[in-house]
Structures are given as C-alpha cells and as structure tokens.
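Residue numbers (full-length UniProt numbering), protein chains in the order written: chain A, 1 to 329; chain L, 1 to 329; chain R, 1 to 394; chain P, 1 to 394.
Each residue gets a CB set at the ideal place from its N, CA and C atoms; glycine is no exception.
On a predicted model such as this, the values are computed, not experimentally measured, just so you know.
Structure, as structure tokens:
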Amino acid sequence: MATETLTLGKALNTGLRRALENDPKVVIMGEDVGKLGGVFRITDGLQKDFGDQRVIDTPLAESGIIGTAVGLAIRGYRPVCEIQFDGFVYPAYDQIVSQVAKMHYRSQGKVRIPMVIRIPYGGGIGAVEHHSESPEAYFAHTAGLKVVTCANPQDAYVMIQQAIASDDPIVFLEPKRRYWEKGPVDLEAPLSEAYPLHSARVVRPGTAATVLAYGPMVRVALDAATAAAEDGRELEVIDLRTLSPLDLTAAYESVKRTGRCVVVHEAPGNLGMGSEIAARITEECFYSLEAPVLRVTGFDTPYPASRVEEEYLPDLDRVLDAVDRAFGW
Amino acid sequence: MATETLTLGKALNTGLRRALENDPKVVIMGEDVGKLGGVFRITDGLQKDFGDQRVIDTPLAESGIIGTAVGLAIRGYRPVCEIQFDGFVYPAYDQIVSQVAKMHYRSQGKVRIPMVIRIPYGGGIGAVEHHSESPEAYFAHTAGLKVVTCANPQDAYVMIQQAIASDDPIVFLEPKRRYWEKGPVDLEAPLSEAYPLHSARVVRPGTAATVLAYGPMVRVALDAATAAAEDGRELEVIDLRTLSPLDLTAAYESVKRTGRCVVVHEAPGNLGMGSEIAARITEECFYSLEAPVLRVTGFDTPYPASRVEEEYLPDLDRVLDAVDRAFGW
Amino acid sequence: MAKGDPGVPTRGRRAAPRSKQAASAAAGDPELVQLLTAEGERIESATGPDGTEYRVDFTDEEYRGLYRDLVLVRKLDAEATALQRQGELGLWASLLGQEAAQVGSGRALRTQDMAFPTYREHGVLYCRGIDPIMPLGLFRGVDQGGWDPNEFKFNMYTIVIGAQTLHATGYAMGVAIDGKTGTDDGEAVIAYFGDGATSQGDVNEAFVWASVFNAPLVFFCQNNQYAISEPLERQTRVPLYRRAGGYGFPGVRVDGNDVLATYAVTRHALDNARLGQGPSLIEAYTYRMGAHTTSDDPTRYRIASEVEAWQAKDPIARMKAFLTKQQIADESFFTEIDEQARTESVHLRERVLNMPNPEPVTMFDHVYPHGSPELDVQRAQFTKYMESFEGSAH
Amino acid sequence: MAKGDPGVPTRGRRAAPRSKQAASAAAGDPELVQLLTAEGERIESATGPDGTEYRVDFTDEEYRGLYRDLVLVRKLDAEATALQRQGELGLWASLLGQEAAQVGSGRALRTQDMAFPTYREHGVLYCRGIDPIMPLGLFRGVDQGGWDPNEFKFNMYTIVIGAQTLHATGYAMGVAIDGKTGTDDGEAVIAYFGDGATSQGDVNEAFVWASVFNAPLVFFCQNNQYAISEPLERQTRVPLYRRAGGYGFPGVRVDGNDVLATYAVTRHALDNARLGQGPSLIEAYTYRMGAHTTSDDPTRYRIASEVEAWQAKDPIARMKAFLTKQQIADESFFTEIDEQARTESVHLRERVLNMPNPEPVTMFDHVYPHGSPELDVQRAQFTKYMESFEGSAH
Ligand SMILES: Cc1ncc(C[n+]2csc(CCOP(=O)(O)OP(=O)(O)O)c2C)c(N)n1
Ligand SMILES: Cc1ncc(C[n+]2csc(CCOP(=O)(O)OP(=O)(O)O)c2C)c(N)n1
Ligand SMILES: [Mg+2]
Ligand SMILES: [Mg+2]
C-alpha cells in the first residue's frame, strides 16, 4: 500500500492527474488552470504534462466554460471544469440548471453530459466578497445534478476520480480552507474498490448525539466531538460527502440510537442543506427524537467582511451550544 | 368601496398602472412588455399610456434587464422587471444574487435597489420545457432578497403595489396558471391600510390539521379543505404569501392547535420551501406535533413533458392523502 | 454537385457587377448576397463583404430537389399549425417564410457536419433526414425531443435563447481537438439562432470562444426581423453580420429567402470551417411570415403592409418562377410535389393523432444516467399511490 | 482647460502625419492614439480610427498637476502593497503601471459624470476626491466599501467581472431619460473594465444595450494584457477596441501609459456622450507591471523581458522627461512631489493601522433597507450567545 501524506489540494491534483492518464477523453478547463495551475494550484503541472488541449486555459466567461463543456461532452469528452471561486459560478447558472442538469432527461437518455464542475467553496480564508460562499443548496435543489464534497485528502483523491468516471453531471465542491490540511492518501488502492461516491460515512462513532457535517465543517464537528468527549459526551459524527442524492441511511440509524441531531454547515440556514436534512430525519425518526434537529449554520446575511467571518462561521462552540440545547429541550 | 371582479392578471395590470401613476420614478422593463403588453398581457396598454421611457421594451437578455435595472435604481428609478417565464430567469441569476441582493449590504446601506422582479411561475398550463418552473427556493435561500407570491386577484392588486413601494429588492412570483381566475378586487382601499406585504394569512380556519400553501397551490389546498370537510375533517388553510422572510406566526399557532401539518408546493421537494418550513415548525412546535410535517410537492425530477404534468403537480388527492398519512402516523 | 444545365450559369463565369446591382435592387442593401431575385431571376454570382464570390452550380434535378424541400417543409409546418389549432399540439413555432434559409443551409451541410438548432429549425431537421414527426412530440407535450442527436448529427431543440451556440462552440472545439479539420472531408459545425438571440450574453461568449479557439463553426443567424414582438432595432443598430468583425472573423449577410444564395454562402462557410479556417457568421436576412408561435398575436405589434411587402419576396414563389422560366420544371411537376406534400402531411397528421400519451411513471426516467436512490423511492411511492386509485389494485 | 505654454503645441495646429508615425513607432500599432512618447516627446495631435483629431491644451500648472496625481497614486498603491505584505490587508490589487490610464481618464471626468469601477481603479477613485483609505477597508476585510457612490459619483467597487458595465449602462439610460444629455453640461457615465472582462456575457450585453438605447456612456477598457495569468490572446484575436464596431459605436485604442492621450480620448468620448451622441469604447493599451493581486505569482506565466520592455514605457518616467525637457518642472518640484507622496502614504499607513475591526454584530446590519423579523431574531440570539462568553454577562 502506497500511502503518502498529502495536502487536500495535492490529493486533488494527483487525482486529476490519474484521471487524465486513465482516460484520454478527460479534459480540464477553466480560467488560469494552465500555466498558473489554478489560483489554488489544484491543476499545477497538468498542462505542462498533458498539453494545452487536455488542460485548456479559457476566456474569462463562466457561462462559456460550462456551455462549451456541454458541447465537448456531446462530442464525447469528459470535461472537468474549474470555477475559480464559489461566488463566480452564477454567470454559469443558466447553463448548469437548464442545460447540464436537463440534457439527459430532455433527450430521454440519449445524450449524456459526464461533466464535473469543480468549485472551491466556503469561507475562513480572510477573502474579499464573493470568495467565501457556500452555494451547495442552489445545486442540490436542482434535479439532474449530483453534488458531492470531500473533507479530507483521501476522499479528495478518490472522490474526484470517481466523479470524473461517473456519467452523471456532478458539482464537486472543494472545501478551500482545507486545501492545505494534510492527511494520508492511499495512492494505489484500485478505484473499483473504493468507498462509493454517493455514500455518507461515520467518521467518529458515538452514542450521545448525532452531528452531521460535510466539507469544511467536518473538522469542526470532529473537534467538537473531541471537546464533548472530555465532558463525557460521545458524539457520533457523520461526514455526509454526498449532498445530492443525500445518503441519510447512517444518519437515520444513528439518530434512532441517539435521539438528538445537530446539522452543521457554513451556508445560510434558510433553505440550506440543514433544512432538508432536518425535515427528512424528522419524518424518518419521528418517534426517536428527544429534541428537534438543530441547525448550526451561517446566518441569513450575505457573507460578511472577513474580519467578522469567524463569528459568522459555525465553530466548535456553536456546535457544542447546539448539542447542549438539544439536551436541554 | 369600488369592488370589481377582475382576473388575477388584470388585477396585476391595474396595480402596475396605479404604481406608474403614483410615482414617476417607477419604470417597467422587459421583453415584449410594450406594444405586445407582455406574453401574458400583464402590462397591456401601459406603454401606450405612459410612453416608452416608462415601459421599456428591452433587448433579449435577462442579465441585461436586471443589470441595467440595477443602474437605473442607482440613478433613482424604481424598476419593475418582467422575466418572461420562470425558466428564463437563470441568465440573470448572477446579477440577482451577487448584485441586486448584495448592493445594500455592500454599501452599508448607502445604495438602495428598490427593484421588483416579476416572474410568472409554476406549471399546469400545458407548456413546453422551461415554462413551468418554480424557482422560489433559489431566491429565498439568498439573503438580501425578499420573495413574495400572490394567490388571488385582491392580493395581486395590492401586493404588486406594495412591492413596488418597498425599498427592498423583491422577487414577485406570479402564479401563471391563475392569471385567468377571477375574484373581487377593492380598487379604492388605500395602500397604507392594506394587509401587510410580508405576512401570511389564514384563508380558511379549521381544527383538524394545518395546510400551508402559496401561489398556485392555495386553490388546491382550499379545494382539499372543502373535500375534507365533507368527510368531517376541518382543515385550516394558510396562504403564506411571503416566502422570504417567511411569516410562520399563524402557522405555529395553528399547528400547536391541530398537531398536524402539511405543506404544499409545486417545486421539487428536495431543498424546497417545504423543507425549511418543516424544519422551523418542528423546532417551534416540537411537543405539539402528532406527526412529522409532511410535504406534498413536485417530484425531484426536471419538470416533465406537459402530458404528465397533472401527475407531477400536487393536487387535491395528494393533499388529502398526506393529511390521511398525518392522521395515521 | 454535378454541373448545371445550359440555361443556368456555371462556375467560373464572372458576373460580379451584375450581382451587386441586382442584390442592391432587391433588398436595398448592397451588402446582401443574392443569387435569385424575388422575381425568380438568377444572378450568376454575388460578392460578399470580404470579396468572396458566391455562386452555385446545380443540376436540374437538384434545383427541383430544393424546390421539393421548400414545399414539403412549408406544408408539414402548416399541418403542425393546423394540428395546434385543433388542440393536438400545445404549441407550434412555425417556420413560415424561413424555408429557404433552412433548406439552403440544411442542404449545405455534409453528412459529417453537426447542427445545433433552436426550436424553429424544422426545415433543417427535415434536411438531416429526421422523421418530421419528431419535434411534434415536444410541442404536443409527450416528450421533450425524440431523436438521437448523434445518429442524425442534429442536436436537441434548445428553447433557452442562445444556449446552444455555446454547445456548438464546444462541440466544434472537440472536432478540432480530434484533428478532424484541415482536409476536404473535415467536419464542420453549424449553430442556428435568431436575431433576438444576438443580444444574449451566451451568444456573444460563443463568438469569443469560437474566435479564440478557431473553432470549425458557422454561426447561422436567421434574422427574421422579430424576437416575438421586438423588432430588430431593439437588438442592434447596425446590420447583425457586422458583429463578427469585432471578434475577428468574417460575417456575411445573405438573402435568406433565396435558397440558392443561402446554400452557396453556407457551403462556403462550412468548407472554410472544415478546412481549419475557423468560424464565421452568416446573417440570413428573412422574415417571420406567421406569428412567433401559435400563442402569439402579431397584429398587436406589426402592420399588414410590412407582411405584404415580404410576401412579395416569398422563397417558394421565386423558386417556382425560376424553374418555370428556365423550363426546369412544368405544371405537372408542381402538381406532383403538391400532391406529395399533401400525402406526407396527411400521414403526419394521422401519426400525431395516434401518438400515445406517456405513462406518468416515465417522468422518473432518465433524470440521471446512473439513477438515484432518492428517486427510486419517489417512483415506488408514486406507483403505489397511483395503484391505490385503481379498482383492481394489487 | 486654460491655454498651454509656448513650448507645447496648442489646439488648432495640425500635425496628423507626424502623429500617425510617432504612434506607430511607439507601439507598433498605427491605430494607437499617442500624444506623449515613451521618451517624453510631445506629439501635437493624433488621429483616431474614425478620423477624430485628438490633442490637449494644458497649462504648466495642469501638466504638473497630472504628474503629481500619477506619483501620488503610485505611491499610495505601493503603500497598500506594503501593508498587505505586512499582514495589514488581506489582499491588494495594485494599479502599478496603469497610473496614466486611470489619472488620464479620471481627470477627464467632470463633476457631474458618474464612474463605475472594477476593484483596481484606485487612481480614478483618487481623482474623484475620495479619501484613498476607502478601498483599504474592503481589502483589509473591515467592510465591503465605505464611500457613498452618489456623493462622489463613483460607484462601489465591483469584483464580479463585468457586472458593473450593465449597471453603468442602466445608469446612463437613466441619465438619458432624465433629459440630462444634449448640452455642454450634460452628464456622462464611464464604465471601467479589463481585457479579461471583454469575454463576459454581461459586458457584451452592455454593448448591446448602450447601443440600442444610445446611452451616454464611455466603455473604458484597461487592456493591461493579462487577466490574472491569461494573456490577451485568450480573450481575443483582434484588437479589443474593434469590438465596438460590431455594435455600431466608435472604438479607439489609446496609449494607456500616456496620460495626455488618455485624457484627450476620454474627454472627447465623454463629451460626445453628454452631447447625446451615444456610447463609445476606449481601449487603453497598458500593462499590469505587478502581480494580479498580492496573492498572485506572475513569474509562473510571464517572462521578465516582457516586463522590462514595458518598464521602458513607464507612464511617470515619460511625463517627468517631458516636464524636464520642456522646463515645466525642475528637480525641486519632483522632490517636493515625492515628499508629498511620502507624507500622504505615511499618513495612510497610520490610519490603516488604526482602522478598528467591526463589531461582529454589525454583520446583521443593512441586509435589507426595511429589515427582516427573521434577522432580528438571529441578531438577538447571536447577541445573547456572544454575551454568554463574557465574564460579566448580563
Ligand atoms: C433566455 C430566454 N429568454 C426568453 C425566452 C422567451 N422567448 C422565446 S422565443 C423568444 C424570441 C426569440 O427571438 P429570436 O432569437 O429572434 O428567434 P425567433 O423566435 O425569431 O426565431 C423569446 C424572447 C427564451 N426562450 N429564453
Ligand atoms: C465572474 C468572475 N469570474 C472570475 C473572477 C476571478 N477574477 C478576478 S480578477 C480576474 C481577471 C480579470 O482580468 P481583467 O478583466 O483583465 O482585469 P485586470 O485584473 O487585469 O485589471 C479574474 C478571473 C471574478 N472576479 N469574477
Ligand atoms: Mg427573430
Ligand atoms: Mg487585464
């Protein structure tokens, strides 16, 4: 087993490299993905090694990126599009929701759009406006798209390859504040044996309450669980990984045991993933719940100036506060 | 009291006329809003009477409509933008979520964008693709926007004027399949005394269960209540009217009495308004609920071909089925 | 194409001055490429704004074929309009008046070329060999488009204005990456759109991309003078074909009611594309003779005299006059074609009336290539729910 | 502007041939409008692509004033870069190299004119009389822009590429509806954007709208040759100013490192706009001497020799050479300006260091003009929650 310690960013880079190697139809495209290797260097070195027809530097136009990628997909390619920052995906929104998401349905399965839309998302990096958004609900609400997000280097490496290999159009959300976090990555395990893409995973078993998180918030949830354990409360933490379709099998099982559930995400709470998860868990675990599912989320404001983002973003304390509230209900 | 019987469409037309009369800064803009009077004739006759600088026929470009309206708003105008159909708002999505919604926040209140974005929405009219969508969740999830929808001619007449008079940017959703439904409209009651814009309203009191609906589904909910009453079950029906901010005061009070709640909307259920409403009601009414809040919604597919839309859309039977399930929980 | 008959000018004969003059006379626009006047006079050749000489060289058989195409697509289209009036279709977007623009460009495509239509290219669809019933499913509401884009090299209809121009550009980029340009039998791509569409961001982005990547693509704009009720002046204050220059590729305006000129200009642009010379823009200057769709009422926004003026430029009438004058066809031929059109339209009507409604449960099909467990649950619940209404429920 | 001094060519003298030649020599582009060569030679007048003769007529005082502006904005910008390096700003988008494009256009604006910037127009902001600390709050992360757009006639910075060009167009439409064009003291609007932005749908839609509504608007594109790492060739294969022709309004390329030519061209375009002659496009041909932002590493994508070549075209050096040669200014003036710039930058630095962090609860402010009961609840909960951490909680 060839386990290496990689940052999440480097794990993505390595996964993309594998995908380019394994399938000549895979093309990467986006603003600054070539020579620069992307503003986060996730595509670093790939244009040099695979050429500028596999790793395509594009004009500055997001609708153009996604729209031409649709055409490339119809031509038989498997485009992997990089959107530079979360807040810049909206010019492409029409192409994503009306074309990417619907082409397969419209054509009764005759046209496939095996596209991956990579988006660095979320806050916590002290950035200016539009660089810290969490747009996952906009995509998860859209039938025809699948939405996944990774939380650690191993998943990053595997999931990006799985997403590229899938024929479904997938919005692949990358927790940008975790790009520099390191972890072990098994570079040799065959993809065919990997943990399935559209499955959640229990990342810390526990008994007292269930904490659901994804992407950048998994670390926060785990930290909260460590802190809670010191107080004698064992939290079960589930990394959701797939936001559409949601995989709540493990969550249902867990909540039926614990009776309490907290969902954590950075996106504003109103109409966020937490709402859907709360609604489903309440339906499924109605008689097991000791308290309503509580949501720890960004507030219902635009993402604020970075000097107050620490207070805007859910952190360990707010998670523990919610757990306390669930116990005090 | 000058009560007239008007269709919902004519009520909107009359409300728009009033707004143009009352404030010279109000301008209407959109594709085909002038000579044609809009594809649904909601702006019929207005260009003729107010001129082509008050009722502006625009190029075919939705981002252009909203983006230039932002500029007009900065200049001191109050633009009322028509998006021709729900499915064509997405090219303007970036301008709406990153500019319209955020300009006031960004400028610390120095810039106001008193804009109304009118969108005929929803299905049931036998239309082709992109003409039957319910995009409300995309907007309600966006902080900085307000979202309202009317369900009857009286509300249509009043709410459109209130929305135009408001300095908040408002997405105004018009239930297109109800454009031709008639009802009494009081044309003389002063706006200042009207029912507040951002408030839900109980439209049928009841005791057995609470049904929440908005826009095109209010009629379905009322029909269901009539049918249920024949079976001896009195449903309380609430017309939500405002989707952001949500006004659930009456709903909480109702659910605490009835113990059962069903939410109805056309949009796909996943991450729909129903999720948020279910999550909030569960938090607020946890100990009163005899069953989880149940959602009767469009399915999580793209809007299907019109010959099957009847089965896609919630109807009386599906609402009653959900009520039955709530009772059988 | 084989050589023309003696009565028709053939390749190689120069007639530039006459062409300019004739085109100018016909449309009041010296830059309009025209090979067949509204009166059915053949012009030997016409010069485009960049000096390209356009001409065609058809056999009698081919001329008659083009005429047949024009008549057939008009008749089938009229049948669809009638079907809509009788409630058999939810909507119809008629091509009336645009037959030449569509047949001319559609016939200029080679088998290997790929087309990206809007919702109005029934004539191009016909030229691609697709059963004309196909788009009727979409407008009837039984499906959202039934043909296989890759089989016929004709993509799905696109309703969102302009979106398909980016798809076409990406596809053409793929053609180039595949190395399928640079030779006589290279592949080319054509993107259809309207005058209204030229205002959309997507279309202009497509211009940027096609230019930067030198994509083998022909932008084919049918300027039918209206976007629903909005006249051309709401989209531009200069002729649309000039837009191309700003992006660094050639643009040409052709008489879109002239099937010969449209053919010549499109063929030339496609051949340039397939040879690796990059994109170009064709503005086919034509007129939407009918309503925008069957839901529209054009009397609210345009005057009858304008329609009448264009009536005089009818694409079929001028072709008929030409065939008659040149004795390429006679009354019996015209009668035969009318008869064939009638038969095909009756056949179309019968098949539409027999188009079954889809099973409601099929709305859950094809949302994802790999399916979704959530949807499987919804489908199962739906099936059970529907069964609960059946007398003989399982 | 008052009359120029004897050493400087004044209005009315024709020197068209010389201008063409000089411009050509300087930039290898005969279409580049230039009034001051890289070596500091004055060119009397220059001809634009549509035949417009551009010239300026400044007093010595005014020449010195332009020089002062250039030096000051460069120095303040350098200070901001230094502050970022020291962790006092989260990010900085430097204008280094683009001083002349910004000061030239900024000074061409009249009080009543409205500007719509990107995130890099610190020089224009300065010309509008806004305290240069204002944009630093945004980049420090204490706010999202602090000035009042209507007070200074300079809109908020816009980060989403191209979005502001539509706002500018709408604003200009409003100016026209207000009847504020058609006279010498009419209002004009200017929209700033970069070369990269020209690929965005929004910018091209702005071209459509401005043209169709004949908006009193100047599109001012600073072509600094890069969009982050992407060189100009990724956005266009022809000079950007030509884009305008496709939409039916004039375009001109000016030497953006020449403050005089930029002034002249912008003033002319603004005056045309205010007189009701509609929109135009200016491409200010310049170079981004520094990184895209402080987060960027340009050595990954461009070579040192290219930067050096542009160093020789420095906007300030050429102005200094001109002032010296023409004896409009001497060493003591230059020293005085440097000293003033130093003092102002020290002052800026001190004020930045003292910029307070916002109270966290202010994040709930200004979401809606009329507030929201939901947010009131969240704010109250947040306040209570924060208080729970205080030793002396209420
Ligand atoms: C993005 C978008 N906005 C609006 C519409 C509604 N709509 C359908 S057709 C049409 C006019 C199109 O005009 P044009 O491009 O000239 O094509 P034509 O219909 O004349 O062939 C409009 C506005 C749409 N389909 N898509
Ligand atoms: C819609 C959008 N996409 C991407 C970005 C990220 N981004 C910021 S600046 C920039 C390059 C802009 O280039 P240009 O327009 O030439 O302006 P310059 O920075 O050179 O002044 C990019 C891609 C953005 N801000 N907005
Ligand atoms: Mg048209
Ligand atoms: Mg640039």
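At a cut-off of 3 residues, the continuous stretches assigned as beta strand (DSSP E) that sit fully inside the region 222-276 of chain P are 251-255. For the region 359-386 of chain P, the set of positions with a beta-carbon nearer than 8 Å to some beta-carbon of chain L reads D365, H366, V367, Y368, P369, H370, S372, P373, E374 and L375 in chain order. Contact annotation: the region 234-242 of chain L does not touch the region 179-194 of chain L, with fewer than three C-beta pairs closer than 8 Å.
Per DSSP, the unbroken alpha helix (DSSP H) holding A:I281 starts and ends at M273 to E284.
Ordered along the chain, residues surrounding ligand 1 are L:E31, L:D32, L:L60, L:E62, L:Q84, L:F85, L:F88, L:P91, L:H130, R:A93, R:T118, R:R120, R:I159, R:V160, R:I161, R:G162, R:F193, R:G194, R:D195, R:G196, R:A197, R:Q200, R:Q222, R:N224, R:Y226, R:A227, R:I228, R:R288 and R:H292 [Cβ under 7 Å from any heavy atom].
In the pairwise beta carbon analysis, the region 175-194 of chain P is classified as not touching the region 134-145 of chain P: fewer than three pairs are separated by under 8 Å. Between the region 211-230 of chain L and the region 170-181 of chain L there are three or more C-beta pairs closer than 8 Å, enough to call the two in contact. For the pair R:A163 and A:Q99, the Cα-to-Cα distance works out to about 8 Å.
The three-state secondary structure of P:R42, taken from DSSP, is strand. Identification of chain A residues near L:V293 by a Cβ-Cβ cut-off of 9 Å yields A279, T282 and E283, ordered along the chain.
Below the 7 Å Cβ cutoff, chain L contributes K110 as neighbours of P:D148, in chain order.
A straight line joining the alpha-carbon of P:Y385 with that of L:T142 spans about 24 Å. It is roughly 25 Å from the alpha-carbon of P:E339 to the alpha-carbon of P:G87. Between P:L95 and P:L348, the C-beta gap is not smaller than 7 Å, which leaves the two residues out of contact. Exclusion of the five residues before and after R:T286 leaves G97, Q98, A101, Q222, N223, N224, G256 and N257 as the residues of its chain whose Cβ lies within less than 7 Å of its Cβ. The C-alpha of P:F219 is placed about 39 Å away from the C-alpha of A:G144. Residues P250 of the same chain have their beta carbon placed closer than 7 Å to that of R:D50, with the five preceding and five following residues left out of the count.
Pairing A:L313 with A:G123 gives a Cβ-Cβ distance under 7 Å. At least one C-beta of chain L is nearer than 7 Å to the C-beta of P:D202.
Between A:L8 and A:A156, the C-beta spacing is below 7 Å. Scanning chain R for C-beta atoms nearer than 7 Å to the C-beta of L:S306 yields G90 and G141, reported in chain order.
Distance from P:Y126 to P:L323 at the Cβ level is roughly 20 Å; contact not present, criterion being Cβ atoms closer than 8 Å. For R:G248, the residues of chain P that pass the 7 Å Cβ criterion are T236, R237 and V238, in the order they occur in the chain. In the pairwise beta carbon analysis, the region 257-276 of chain P is classified as not touching the region 265-283 of chain R: fewer than three pairs are separated by under 8 Å. Along the region 101-116 of chain P, none of the residues has a CB nearer than 7 Å to a CB of chain A. Straight across, the Cα-Cα distance linking A:Q108 with R:Q144 is about 8 Å. Excluding sequence positions up to five before and after A:Q95, its CB lies within less than 6 Å of the CB of S63, I66 and G67, all in the same chain and listed in chain order. The C-beta separation of R:R242 from P:G245 comes to about 7 Å, placing the pair in contact by the 8 Å criterion. By the Cβ rule, the region 262-280 of chain L counts as touching the region 290-306 of chain L, because three or more pairs are nearer than 8 Å. In the three-state scheme derived from DSSP, where H, G and I count as helix and E and B as strand, A:L60 is classed as coil. Not a single CB atom of chain L sits nearer than 7 Å to the CB of P:M319. For P:E205, at least one C-beta of chain L is nearer than 7 Å to its own C-beta.
For the set A:N22, A:G328, A:L197 and A:V211, the Cα lying nearest the Cα of A:R257 is the one of A:V211.
With a cutoff of 7 Å on beta-carbon distance, P:L240 and P:E283 are scored as near each other. The beta carbons of R:V189 and R:Y171 sit closer together than 7 Å. In the same chain as L:L320, and ignoring 5 residues on each side of it, the C-beta atoms closer than 8 Å to its own belong to A224, A227 and A228, in chain order.
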